[in-house]
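The sequence shown maps to residues 1 to 327 in full-length UniProt numbering.
I have placed the structure first, in the form of structure tokens, so that the comments after it can refer back to it.
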Amino acid sequence: MLVKEEDPEEQSSALDQQDPEHLHIKQEQDELWTSLEEEKETGASRFPFTVVTIKSEDDEEDEDVNLDSAGSDGVPKTGDRCNELNESRSSESDVETVHKSFSCTECGKQFLHKQSLRKHLRKVQKEKKSFSCDDCEKKFSKISSLNNHRTVHTGQKPFACETCGQRFSRKTSLNIHMRIHTGQKPFPFTCELCGQKFSQKTSLNSHMTVHSGKKPFACEHCGHKFSQKTTLNSHMKIHTGQKPFTCELCGQKFSRKTHLNRHMRVHTGQKPFSCERCGQQFSRKTNLSRHMSVHTGDKPFACELCEQRFSRKEHLNSHALVHKANK
């Protein structure tokens with residue numbers, strides 16, 4: 001909804017183009033606008049603004065109806081103008097409660113109007129990722145993003161923690177790390193459905209597609225579907241055999257950066273995942289999740305033969321050997 005101050009000259013020009021029998025209105029109109037300008041200078045004007053909506057071809061049929069709502073001199077009545085403004089404010093508040101039904105297939109962003117979606121798609125087309133990494137073929141829309149990404153392959157870590165000296169390849173990673181020193185939770189965003197924790201809100205939003213069941217991204221080679229495009233890109237390395245991420249200490253290669261990061265904790269001894277109840281630390285988030293069953297008492301793994309339950313899969317596997325030995 002756009003609000004603009006109408007130019008008196010534009011108003012009178014529009015009236016000049018009407019039927020000749022209305023030409024006598026122009027003089028009265030000019031006098032009215034002169035009066036309005038004087039009121040505006042003294043702060044007495046009650047309707048110097050007009051609500052202007054974006055018209056479609058269908059809206060042209062409503063112009064005659066709008067003219068009927070004007071006064072006999074062709075000028076909208078003050079009461080009508082106030083009603084229009086009140087209705088526009090009401091409609092704006094109602095818009096916020098309407099379900100957004102138009103989704104972008106590229107990024108999943110939702111829009112209230114189809115016209116907004118089309119505008120967004122045009123912007124997406126302009127921002128096509130044209131900067132490609134020579135090492136892993138990952139593409140970026142900005143050269144600065146590509147340069148930041150290259151530190152993954154070069155091993156550069158220009159961002160250092162002033163408190164403990166630990167270094168990071170990205171500023172965002174340093175910011176997340178700083179929460180350890182400031183007392184903030186390193187993973188403040190929690191999924192209400194499964195309890196998984198994330199360091200950033202965007203990561204949580206991406207994770208929620210796991211629960212929605214939507215998998216719009218399909219592999220062209222095997223048909224496997226994924227909820228996120230990044231997961232599909234990582235999956236494609238299975239078919240290409242690419243392992244662009246190399247450990248500088250032992251030379252082991254990995255297809256994903258997350259796998260390399262997890263592997264590096266073997267060398268550094270880092271255990272960033274801490275239990276909130278007992279303080280025990282773990283190098284992997286999966287190990288922490290498994291440990292939590294000690295406190296919660298959950299035993300999700302059940303024996304099919306005797307229905308005995310276990311908190312860990314390996315405990316169930318060990319128990320299954322008992323039945324095999326008794327056969």
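Beta carbons are placed, not taken as given, at the ideal position from N, Cα and C, and that holds for glycine.
In the DSSP assignment, SER132 forms a beta bridge with LYS139. The C-beta of LEU321 has fewer than 16 other C-beta atoms within 10 Å across all chains shown, which makes the residue exposed.
Comparing C-alpha distances from PHE159 to each of GLN242, ASN147 and SER169 shows the shortest one belongs to SER169.
Here VAL266 is exposed, its C-beta having fewer than 16 other C-beta atoms within 10 Å.
Annotation: the continuous alpha helix (DSSP H) that includes ARG262 extends over 257-268. Across the structure, PHE189 and GLN110 are spaced so that their CA atoms are roughly 22 angstroms apart.
With contacts defined as CB atoms closer than 8 angstroms, LEU204 and CYS191 qualify as a contacting pair. Beyond the five residues adjoining it in sequence on each side, THR246 comes within less than 7 angstroms, by CB distance, of LYS253 in the same chain, given in chain order.
Residue environment: HIS211 is assigned as exposed (fewer than 16 neighbouring CB atoms within 10 Å of its CB, all protein chains considered). Collapsing the DSSP output to three states places LYS253 in a strand.
Around the beta-carbon of SER144, fewer than 16 other beta-carbon atoms lie within 10 Å, marking it exposed. Secondary structure note for HIS181: its alpha helix (DSSP H) is the uninterrupted segment 171-182. Cα atoms of GLN200 and PHE187: separation of roughly 7 angstroms, rounded to the nearest angstrom. DSSP places THR209 in the uninterrupted alpha helix (DSSP H) bounded by 209-212. For PHE131 against LYS142, the beta-carbon gap comes to about 7 angstroms, under 8 angstroms, which counts as contact.
By the neighbour-count definition (other C-beta atoms within 10 Å, threshold 16), LYS114 is an exposed residue. The closest CA to that of PHE198, considering only HIS315, GLN166, SER173 and THR163, is found on SER173. When C-alpha distances from LYS215 are compared across MET292, CYS107 and GLY155, the shortest belongs to CYS107. Under the three-state reduction of DSSP, LYS285 is assigned to helix.
In this structure, the CA atom of PHE217 is about 20 angstroms from the CA atom of LEU117.
Apart from sequence neighbours up to five positions away, no residue of its chain approaches GLN270 with a beta-carbon distance below 6 angstroms.
Under a 10 Å Cβ-count criterion, LEU260 is classified as buried, with 16 or more other Cβ atoms of the shown protein chains found around its own Cβ.
By the beta-carbon neighbour count (other beta carbons within 10 angstroms, threshold 16), HIS149 is buried.
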